[in-house]
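Participant: Numbering (our numbering), first residue to last: 27 to 191.
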């Protein structure tokens with residue numbers, strides 16, 4: 027049994043897995059904001075995609091939103107595990123709205139599921155699904171499924187190491 031302070035750098039097979047994943051992500055995933063951090067027995071893959079999606083719900087406004095995601099990959103005992111990605115969808119700019127003859131600025135965030143409230147004057151919250159699980163932002167959902175699946179496939183397919191459940 028390995029001790030709890032296992033370090034991938036001490037294990038040549040784990041180091042090879044990390045190098046394969048890093049090399050193949052850099053070759054196959056064409057993003058100028060792709061970042062891969064390596065710490066002990068973990069790889070952290072993150073990316074920022076400006077202008078990733080627009081809101082389906084309000085076509086008259088068509089708010090442009092950016093995507094930031096992070097995927098953690100554990101590497102241990104000649105195997106690896108890909109964790110569920112964490113995502114942030116938000117505007118990186120302020121939008122102006124003419125409310126009652128007065129200009130106000132507000133930022134926009136999109137979450138997976140929730141109830142749209144009246145909102146404040148400084149932040150608007152959008153959701154892919156409403157509180158009753160009804161799909162609201164179909165295009166964004168489909169893009170996320172396609173793009174995040176592709177990056178996870180690159181991580182999994184480009185390494186011949188066994189994947190642990």
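From the three backbone atoms N, C-alpha and C, an ideal C-beta is built for every residue, glycine too.
Between which residues of its own chain and residue 98 is the CB-CB distance below 7 Å, once the five residues before and five after are set aside?
Facilitator: 68, 70 and 109
Participant: From the DSSP output, in three-state form, read off residue 90 for me.
Facilitator: Reduced to three states, the DSSP call for residue 90 is strand.
Participant: Would you grab the beta carbon distance between residue 22 and residue 161 for me? Rounded to a whole angstrom, and I think it's under 8 Å.
Facilitator: Past the boundaries of the shown model lies residue 22; the chain is included only from 27 to 191, so the question cannot be answered.
Participant: Any idea if residue 181 is buried or exposed, counting beta-carbon neighbours within 10 angstroms, 16 or more meaning buried?
Facilitator: buried
Participant: In whole angstroms, what separates the C-alpha of residue 58 from that of residue 40?
Facilitator: 27 Å
Participant: Just to confirm my understanding: we take residue 157, look at its own chain, exclude 5 residues before and 5 after, and list those with CB closer than 8 Å. What are they?
Facilitator: 139, 140 and 141
Participant: Need the endpoints of the beta strand (DSSP E) that residue 72 sits in, please.
Facilitator: 68-80
Participant: Classify residue 142 as helix, strand or coil using the three-state DSSP reduction.
Facilitator: DSSP places residue 142 in coil when its eight states are reduced to three.
Participant: Give the secondary structure of residue 162 by DSSP, where H, G and I count as helix, E and B as strand, and everything else as coil.
Facilitator: coil
Participant: Less than 8 Å between the CB atoms is what I'm expecting for residue 152 and residue 95, so what's the real figure, rounded?
Facilitator: About 17 Å; that fails the 8 Å criterion.
Participant: Which residue from 178, 176, 38 and 171 puts its Cα closest to that of residue 103?
Facilitator: 38
Participant: Taking the alpha carbon of residue 176 as the point to measure from, which residue in 165, 111 and 133 has its own alpha carbon closest?
Facilitator: 111
Participant: DSSP puts residue 63 in a beta bridge; with which residues?
Facilitator: 70
Participant: Quick check on residue 107: does DSSP put it in helix, strand or coil?
Facilitator: Residue 107: strand per DSSP, three-state reduction.
Participant: What residues in its chain sit with their C-beta under 8 Å from that of residue 48, if we drop five residues either side in the sequence?
Facilitator: 62, 64 and 69
Participant: For residue 136, which beta-bridge partners are listed by DSSP?
Facilitator: 115 and 152
Participant: Can you list, in chain order, the residues of its chain whose CB lies under 8 Å from that of residue 52, leaving out five sequence neighbours each side?
Facilitator: So the qualifying residues of the chain are 60 and 62.
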